[in-house]
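2 protein chains.
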Amino acid sequence: MAEMTRVALDAMGGDNAPVEMVKGAVDAVNKEQNVTVLLVGIEEIVREELGKYSYDKERIQVVGATEVIETAEPPVNAIRKKKDSSIVVGMKLVKKGEADAFVSAGSSGAILVGGQTLVGRIKGIERPPLAPLIPTAKGVSLLIDCGANVDARPSHLVQFAKMGSIYMEHVVGVENPKVAIVNIGAEEEKGNALVKETFPLLKEQTDINFTGSIEARNIPYGDADVIVSEAFAGNIILKLYEGLGAVLVSKIKDGMMTSTRSKLGALLVKPALKETLKAFDATEYGGAPLLGLRGLVVKTHGSAKAKEVCNSIIQCITFKEQKINDKIMECIQTESRSDE
Amino acid sequence: MAEMTRVALDAMGGDNAPVEMVKGAVDAVNKEQNVTVLLVGIEEIVREELGKYSYDKERIQVVGATEVIETAEPPVNAIRKKKDSSIVVGMKLVKKGEADAFVSAGSSGAILVGGQTLVGRIKGIERPPLAPLIPTAKGVSLLIDCGANVDARPSHLVQFAKMGSIYMEHVVGVENPKVAIVNIGAEEEKGNALVKETFPLLKEQTDINFTGSIEARNIPYGDADVIVSEAFAGNIILKLYEGLGAVLVSKIKDGMMTSTRSKLGALLVKPALKETLKAFDATEYGGAPLLGLRGLVVKTHGSAKAKEVCNSIIQCITFKEQKINDKIMECIQTESRSDE
Numbered sequence: 001m002a003e004m005t006r007v008a009l010d011a012m013g014g015d016n017a018p019v020e021m022v023k024g025a026v027d028a029v030n031k032e033q034n035v036t037v038l039l040v041g042i043e044e045i046v047r048e049e050l051g052k053y054s055y056d057k058e059r060i061q062v063v064g065a066t067e068v069i070e071t072a073e074p075p076v077n078a079i080r081k082k083k084d085s086s087i088v089v090g091m092k093l094v095k096k097g098e099a100d101a102f103v104s105a106g107s108s109g110a111i112l113v114g115g116q117t118l119v120g121r122i123k124g125i126e127r128p129p130l131a132p133l134i135p136t137a138k139g140v141s142l143l144i145d146c147g148a149n150v151d152a153r154p155s156h157l158v159q160f161a162k163m164g165s166i167y168m169e170h171v172v173g174v175e176n177p178k179v180a181i182v183n184i185g186a187e188e189e190k191g192n193a194l195v196k197e198t199f200p201l202l203k204e205q206t207d208i209n210f211t212g213s214i215e216a217r218n219i220p221y222g223d224a225d226v227i228v229s230e231a232f233a234g235n236i237i238l239k240l241y242e243g244l245g246a247v248l249v250s251k252i253k254d255g256m257m258t259s260t261r262s263k264l265g266a267l268l269v270k271p272a273l274k275e276t277l278k279a280f281d282a283t284e285y286g287g288a289p290l291l292g293l294r295g296l297v298v299k300t301h302g303s304a305k306a307k308e309v310c311n312s313i314i315q316c317i318t319f320k321e322q323k324i325n326d327k328i329m330e331c332i333q334t335e336s337r338s339d340e
Numbered sequence: 001m002a003e004m005t006r007v008a009l010d011a012m013g014g015d016n017a018p019v020e021m022v023k024g025a026v027d028a029v030n031k032e033q034n035v036t037v038l039l040v041g042i043e044e045i046v047r048e049e050l051g052k053y054s055y056d057k058e059r060i061q062v063v064g065a066t067e068v069i070e071t072a073e074p075p076v077n078a079i080r081k082k083k084d085s086s087i088v089v090g091m092k093l094v095k096k097g098e099a100d101a102f103v104s105a106g107s108s109g110a111i112l113v114g115g116q117t118l119v120g121r122i123k124g125i126e127r128p129p130l131a132p133l134i135p136t137a138k139g140v141s142l143l144i145d146c147g148a149n150v151d152a153r154p155s156h157l158v159q160f161a162k163m164g165s166i167y168m169e170h171v172v173g174v175e176n177p178k179v180a181i182v183n184i185g186a187e188e189e190k191g192n193a194l195v196k197e198t199f200p201l202l203k204e205q206t207d208i209n210f211t212g213s214i215e216a217r218n219i220p221y222g223d224a225d226v227i228v229s230e231a232f233a234g235n236i237i238l239k240l241y242e243g244l245g246a247v248l249v250s251k252i253k254d255g256m257m258t259s260t261r262s263k264l265g266a267l268l269v270k271p272a273l274k275e276t277l278k279a280f281d282a283t284e285y286g287g288a289p290l291l292g293l294r295g296l297v298v299k300t301h302g303s304a305k306a307k308e309v310c311n312s313i314i315q316c317i318t319f320k321e322q323k324i325n326d327k328i329m330e331c332i333q334t335e336s337r338s339d340e
């Protein structure tokens, strides 16, 4: 395991760039031995920020990129025109084999488009899904796909199930992960046209532990490890998780401030509550991998701070060491062969 | 406003039937003057339960129905075969004009099928949507459709928007309600095929206050009053609301029990917290109407207790007094005329 993982990091992407990106990179190389980081961005700015830290100089390198893609830019255009942007330069490093992975907190759209067009898909993969980890009562589950491919077809969902299962088993370390499809009832005959078509296909797969449908109500309980969904519904699940969590917590905080008695109580429960809510904070678990690409692309939250950036970089080490892409290739090729 | 609203109540449906159903009926007639309740169910059981209460005998009547449709039964079959079930008998009372509304905590599937086949749609309504109120930081929003029609078409969603707007304005009392469509981004060009087709149609409507897309993240903040969605996504929103709320609250309670200090704090915050969480409890707001039918059908939670049953009955009074169905008819007919 002494082989180095080389991670290209978008130093300019996200709300807290470059400060938190650079700090995350430094934290990662200080924490892990087997990683080097290529900080991609406007050289002067990145070097100035980097100058504030002490770290192993051989393991952080700055790669110049003079442009920045903004979140509001139409992604296809941005990728095409801003050839010297941190996203395009970083992805090309992966394409050329100079980096194993690219991590960015920048424009989701540009990352999805760039992943497909610049890094490219593994042969046989129809659509690369975006697959964040979401917190549950039992730990985490992988939500796949949460926004990359709307109006997906059944065959896409089957590939999502397989890739998600490999990722949960070998990166997150869940043995024989339970795979379920998001549905509006537990029975096989329930669902929309897509789910009804996909369900029997998933049942046929021998290389995943398919457990059937999961209703959205049961997702937070952690009833499945890999939650398969078309991107529109997946995105709704992810966003509602964030929004509802935030609103409930703020309601509870307000509730505690309503009387002198409860204010005193709030002081006493605060530390314990903070710990609890941390376990339900998605940023603790690093970014969302875009799976099925020739290389790894990880999208972190736009609001990512150093901790999430650092966790995302460490995620890339496991991804490489566990040879996830070899495992995906193997599983997809078996599928193609059996189709012949 | 002295006219009576006659509500048929399924005394046998739901986890807590008949006890909580009968109690809910008694509470409603004791609370409101302008309502009579027809308790539909196995006569002996219902009468025995009813015997425990004192109420205006002229305003609660028992209507015998010897069969009960179970939640697990395939709905179409159940409606066809169990002709003397509480759901079929109750809906026929609405059909025959002997009741204005039917309220049930029983099988959702049977209620949806029965609503369409027994009560029947208002002329011009393509699909009747199920529309629960969900709690938000600002109050409540109407989620329409949350499970009646998967794989809906754009024209269905436009009708949902109109009916939802009428309901929010005249039953819930929100002036000029903001109508938004659930989407995976705020921009008009975002979305799946259905949303992209529906968006311009909603923009054209002059009788609703369409404000554009709403991301799932913003739903709990109450950014829209009427949340238009195809039933698959709507059902996910509703169920995730329930599941995530329950898991977060239980996590928080557990968190408070981790130390002596926090346990003491928990005692002090408990009453205030209880009040806060009550505001986020969907059962406070009565059941979900199935809109667009010739009469009103209301589905309450399977776990509904007397309070929700009583609130649902009261909801029916407002529905009738505000002549919601006349307003829906008028609005749909205007639409048909303008199409000519």
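Residue numbers (UniProt numbering), protein chains in the order written: chain A, 1 to 340; chain B, 1 to 340. All C-beta atoms in this analysis are idealised placements derived from N, C-alpha and C, irrespective of residue type, glycine included.
task = Tell me whether the beta-carbon of residue 94 of chain B lies closer than 7 Å to the beta-carbon of residue 68 of chain B.
result = Locating residue 94 of chain B in the second sequence gives position 94, where the first residue counts as 1. Locating residue 68 of chain B in the second sequence gives position 68, where the first residue counts as 1. The answer is no: Cβ separation not under 7 Å.
request  = Kindly confirm or deny that the stretch 7-20 of chain B and the stretch 102-112 of chain B touch, where touching means at least three C-beta pairs closer than 8 Å.
outcome  = Verdict: yes, contact present.
query = Applying the criterion that 16 or more other CB atoms from any shown protein chain within 10 Å of the CB defines a buried residue, is residue 80 of chain B buried or exposed?
reply = On the second sequence, residue 80 of chain B is found 80 positions in, with the first residue counted as 1. Burial state of residue 80 of chain B is exposed, judged by a 10 Å Cβ sphere holding fewer than 16 other Cβ atoms.
ask   = Near residue 340 of chain B, what residues of its chain come up, given a Cβ to Cβ distance below 7 Å and the 5 sequence neighbours on each side ignored?
value = Your numbering for residue 340 of chain B matches position 340 in the second sequence. Confidence is the limiting factor: at residue 340 of chain B the pLDDT is only 42, short of 50, which leaves the residue's position unreliable, though a coordinate-based value still follows. Around residue 340 of chain B: no qualifying Cβ.
query = Just curious, the beta strand (DSSP E) that residue 8 of chain A is in, first and last residue?
reply = Position 8 of the first sequence, counted from the start, is the residue given in the question as residue 8 of chain A. Per DSSP, residue 8 of chain A belongs to the beta strand (DSSP E) from 5-10.
query = Checking contacts by CB at 7 Å: is residue 232 of chain B closer than that to chain A?
reply = Taking the second sequence and counting its residues from 1, the one referred to as residue 232 of chain B is at position 232. With 7 Å as the cut-off, residue 232 of chain B counts as an interface residue toward chain A.
task = Measuring only between beta-carbons, confirm whether residue 65 of chain A sits less than 7 Å from chain B.
result = Residue numbering aside, residue 65 of chain A sits at position 65 when the first sequence is read from its first letter. No, because no Cβ of chain B sits closer than 7 Å to the Cβ of residue 65 of chain A.
ask   = What is the rounded straight-line gap between the Cα of residue 62 of chain A and the Cα of residue 274 of chain A?
value = Here residue 62 of chain A refers to the residue found at position 62 of the first sequence. Here residue 274 of chain A refers to the residue found at position 274 of the first sequence. If you take the alpha carbons of residue 62 of chain A and residue 274 of chain A, they lie about 37 Å apart.
message = Given this structure, state the Cα-to-Cα distance separating residue 306 of chain A from residue 73 of chain A, to the nearest angstrom.
response = On the first sequence, residue 306 of chain A is found 306 positions in, with the first residue counted as 1. On the first sequence, residue 73 of chain A is found 73 positions in, with the first residue counted as 1. The alpha-carbon atoms of residue 306 of chain A and residue 73 of chain A are separated by roughly 25 Å.
message = DSSP three-state label for residue 174 of chain B, please.
response = Position 174 of the second sequence holds residue 174 of chain B. Residue 174 of chain B falls in the coil class under three-state DSSP.
task = Please state whether DSSP places residue 125 of chain B in a helix, a strand or coil.
result = Taking the first residue of the second sequence as 1, we reach residue 125 of chain B at position 125. Residue state, collapsed to three classes: coil.
query = Apart from the five residues just before and just after residue 180 of chain A, which ones in its own chain have a Cβ nearer than 8 Å to its Cβ?
reply = In the first sequence, the residue the question calls residue 180 of chain A occupies position 180. Within the same chain, and ignoring the five residues on either side of residue 180 of chain A in sequence, the residues whose Cβ sits closer than 8 Å to its Cβ are 210, 211, 212, 213, 214, 223, 224, 226, 227 and 228.
query = Leaving out five residues before and five after residue 1 of chain B in sequence, what residues of the same chain have Cβ atoms less than 8 Å from its Cβ?
reply = Taking the first residue of the second sequence as 1, we reach residue 1 of chain B at position 1. Confidence at residue 1 of chain B is low in this model, with a pLDDT of 48, below 50, so its placement is unreliable and the value that follows should be read with caution. Cβ within range, chain order: 34 and 321.
task = Output yes or no for whether 7 Å exceeds the beta carbon distance between residue 288 of chain A and residue 161 of chain A.
result = On the first sequence, position 288 is the one that residue 288 of chain A refers to. On the first sequence, position 161 is the one that residue 161 of chain A refers to. Residue 288 of chain A is not a Cβ neighbour of residue 161 of chain A, given a cutoff of 7 Å.
message = I need the DSSP call for residue 70 of chain B, collapsed to helix, strand or coil.
response = Residue mapping note: residue 70 of chain B aligns to position 70 of the second sequence, counting from 1. Assignment of residue 70 of chain B by DSSP, reduced to helix, strand and coil, places it in the coil class.
task = Could you check the C-alpha separation between residue 199 of chain A and residue 178 of chain A for me, to the nearest Å?
result = If you number the first sequence from 1, residue 199 of chain A lands on position 199. If you number the first sequence from 1, residue 178 of chain A lands on position 178. One C-alpha to the other measures close to 15 Å.
key: residue 10 of chain A and residue 64 of chain A closer than 7 Å at C-beta   = Walking along the first sequence from the start, residue 10 of chain A turns up at place 10. Walking along the first sequence from the start, residue 64 of chain A turns up at place 64. No, the Cβ-Cβ distance between residue 10 of chain A and residue 64 of chain A is not below 7 Å.
ask   = Using 7 Å as the limit for Cβ to Cβ distance, is residue 340 of chain A near chain B?
value = By 1-based counting over the first sequence, the position of residue 340 of chain A is 340. Low per-residue confidence applies at residue 340 of chain A: pLDDT is 42, beneath 50, and the placement is therefore not dependable, though the value from the model is reported in the following sentence. Between residue 340 of chain A and chain B, the shortest Cβ-Cβ separation is not below 7 Å.
request  = Could you please tell me which residues of the stretch 232-247 of chain A, in chain order, have their CB closer than 7 Å to any CB of chain B?
outcome  = Residues 232, 233, 235, 236, 237, 239, 240, 241, 242, 243, 244, 245 and 247.
message = Using beta carbons (cut-off 7 Å, strictly below), is residue 184 of chain B in contact with chain A?
response = The count along the second sequence starts at 1 and reaches residue 184 of chain B at position 184. At least one CB of chain A lies nearer than 7 Å to the CB of residue 184 of chain B.
key: Segment contact, 8 Å Cβ cut-off, at least three pairs: the stretch 299-316 of chain A with the stretch 20-31 of chain A   = A contact exists between the stretch 299-316 of chain A and the stretch 20-31 of chain A.
request  = Using a threshold of 7 Å, state whether the C-beta atoms of residue 129 of chain B and residue 145 of chain B are closer than that.
outcome  = The residue labelled residue 129 of chain B in the question sits at position 129 within the second sequence. The residue labelled residue 145 of chain B in the question sits at position 145 within the second sequence. It is a contact, given that the beta carbons lie within the stated cut-off.
query = Taking 7 Å as the CB-CB cut-off, is residue 272 of chain A touching chain B?
reply = As a first step, residue 272 of chain A must be located in the first sequence, where it is residue number 272. It does; some Cβ of chain B falls within 7 Å.
task = Please list the partners that residue 380 of chain B has in chain A, where partner means a Cβ-to-Cβ separation under 7 Å.
result = Residue numbering for chain B in the displayed model covers 1 to 340; residue 380 of chain B lies beyond these limits and cannot be assessed.
task = Check each candidate in A:265, A:299, A:298 and A:252 and name the one with the smallest Cα separation from residue 280 of chain B.
result = Position 280 of the second sequence, counting from 1, holds the residue named residue 280 of chain B. Ranking the options by Cα distance to residue 280 of chain B, first place goes to A:252.
inquiry  = If you measure between the beta carbons of residue 244 of chain A and residue 244 of chain B, is that distance less than 7 Å?
reply    = Taking the first residue of the first sequence as position 1, residue 244 of chain A is located at position 244. Taking the first residue of the second sequence as position 1, residue 244 of chain B is located at position 244. Between residue 244 of chain A and residue 244 of chain B, the C-beta gap is smaller than 7 Å, which places the two residues in contact.
ask   = Closest by CA to residue 126 of chain A, which one among A:302, A:294, A:319 and A:186?
value = Position 126 of the first sequence, counted from the start, is the residue given in the question as residue 126 of chain A. Of A:302, A:294, A:319 and A:186, the residue nearest in Cα terms is A:294.
message = Please list, in chain order, the chain A residues whose beta carbon lies closer than 9 Å to that of residue 251 of chain B.
response = Working through the second sequence from its first residue, we reach residue 251 of chain B at position 251. Ordered by position in chain A, the residues that pass the 9 Å Cβ test against residue 251 of chain B are 137, 276, 277, 279 and 280.
task = Could you please give me the residues that DSSP links to residue 62 of chain A through a beta bridge?
result = Residue numbering aside, residue 62 of chain A sits at position 62 when the first sequence is read from its first letter. DSSP lists A:39 as the bridge partner or partners of residue 62 of chain A.
message = Helix, strand or coil, according to DSSP, for residue 18 of chain B in the structure here?
response = As a working note, residue 18 of chain B is residue 18 in the second sequence. Looking at residue 18 of chain B - three-state DSSP - the assignment turns out to be coil, as it is neither helix nor strand.
Neighbour list for residue 261 of chain B in chain A, Cβ cutoff strictly below 9 Å = Here residue 261 of chain B corresponds to residue number 261 of the second sequence, with the count starting at 1. In chain order: 268, 269, 271 and 272.
ask   = Which residues in the same chain as residue 154 of chain B place their Cβ atom closer than 7 Å to its Cβ, once the five residues preceding and following it in sequence are excluded?
value = Position 154 of the second sequence, counted from the start, is the residue given in the question as residue 154 of chain B. Cβ neighbours of residue 154 of chain B within its own chain (closer than 7 Å, five residues either side excluded): 194, 197, 198 and 201.
task = Excluding the 5 residues preceding and the 5 following residue 234 of chain A in the sequence, name in chain order all residues of the same chain whose CB lies nearer than 6 Å to its CB.
result = By one-based count along the first sequence, residue 234 of chain A stands at place 234. The beta carbon of residue 234 of chain A sits closer than 6 Å to those of 143, 145 and 146, all from its chain and outside the five residues before and after it, given in chain order.
Residue 256 of chain A at chain B interface by Cβ criterion, 7 Å = Position 256 of the first sequence holds residue 256 of chain A. Yes, residue 256 of chain A counts as interfacial toward chain B.
task = Give the straight-line distance between the Cα atoms of residue 319 of chain B and residue 36 of chain B, rounded to the nearest whole angstrom.
result = Looking up residue 319 of chain B in the second sequence gives position 319. Looking up residue 36 of chain B in the second sequence gives position 36. Taken atom to atom, the span from the alpha-carbon of residue 319 of chain B to that of residue 36 of chain B is near 15 Å.
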